[in-house]
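Each remark here refers to the structure printed beneath this line.
Residue numbers (my numbering): 1 to 151.
Here is the structure:
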């Protein structure tokens, strides 16, 4: 399985962060969970995990929101104004990209979940879907033609 690239993933949730190192969904090399506390403490904990995982070629980040996903926005890669205390305007993708030095993708946790359903779940084989989650808030990830709808 070593012919597939080693990829790191970080999913930021309201209570916990899931970090994964894998070559594919069936080839997970490591998984680590850290609690979501204050941004400074939480991001250092994520960086410690990523530092242990040297050798990955890219990083994917899925985050609770609201987040800035437009690369032309001055706050791209940040959590923007959020009710989660202390997290408004926290730099996520720029900070972790600088820390790791690898190409970094950044999107909402609900779009990431929609892609997972499209690839491996109930929506396998579909190119268009709406994924709705109800948790601390309500989130919707829309995919059309296999691509996220944004805006």
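Virtual Cβ for every residue (Gly too), placed ideally from N, Cα, C. Please read all numbers here as calculations on a predicted model, not as lab measurements.
### Query
Going straight from the alpha carbon of residue 15 to that of residue 4, what length do you get?
Rounded to the nearest angstrom, the two C-alpha atoms are 31 Å apart.
### Through-space distance from residue 115 to residue 80, alpha-carbon basis
Their backbone Cα atoms lie some 23 Å apart in a straight line.
### Completely contained alpha helix (DSSP H) runs for the segment 62-144, where each covers 4 or more residues
Runs found: 93-100 and 109-120.
### Query
DSSP on residue 43, reduced to helix/strand/coil?
The DSSP-derived three-state label of residue 43 is helix.
### Task
Identify whether residue 50 lies in helix, strand or coil by the three-state DSSP scheme.
If DSSP states are grouped into helix, strand and coil, residue 50 belongs with the helices.
### Query
So what does residue 12 bridge to, in DSSP terms?
Residue pairing by DSSP places residue 12 opposite 17 and 63 in a beta bridge.
### Query
Who are the near neighbours of residue 87 in its chain, counting only those whose CB is closer than 7 Å to its CB and skipping five residues on each side?
39 and 79.
### Task
Within its chain, find whatever has a CB closer than 6 Å to the CB of residue 127; leave out the 5 residues flanking it on each side and keep chain order.
Hits under 6 Å: 145 and 146.
### Task
Specify the secondary structure class of residue 30 as computed by DSSP and reduced to three states.
Under the three-state reduction of DSSP output, residue 30 falls in the strand class.
### Task
Have a look at 94, 82 and 56 and flag the residue whose alpha-carbon is nearest the alpha-carbon of residue 74.
Looking from the CA of residue 74, the closest CA among 94, 82 and 56 belongs to 94.
### Query
In three-state DSSP terms, what is residue 25?
Note: residue 25 maps to coil in three-state DSSP.
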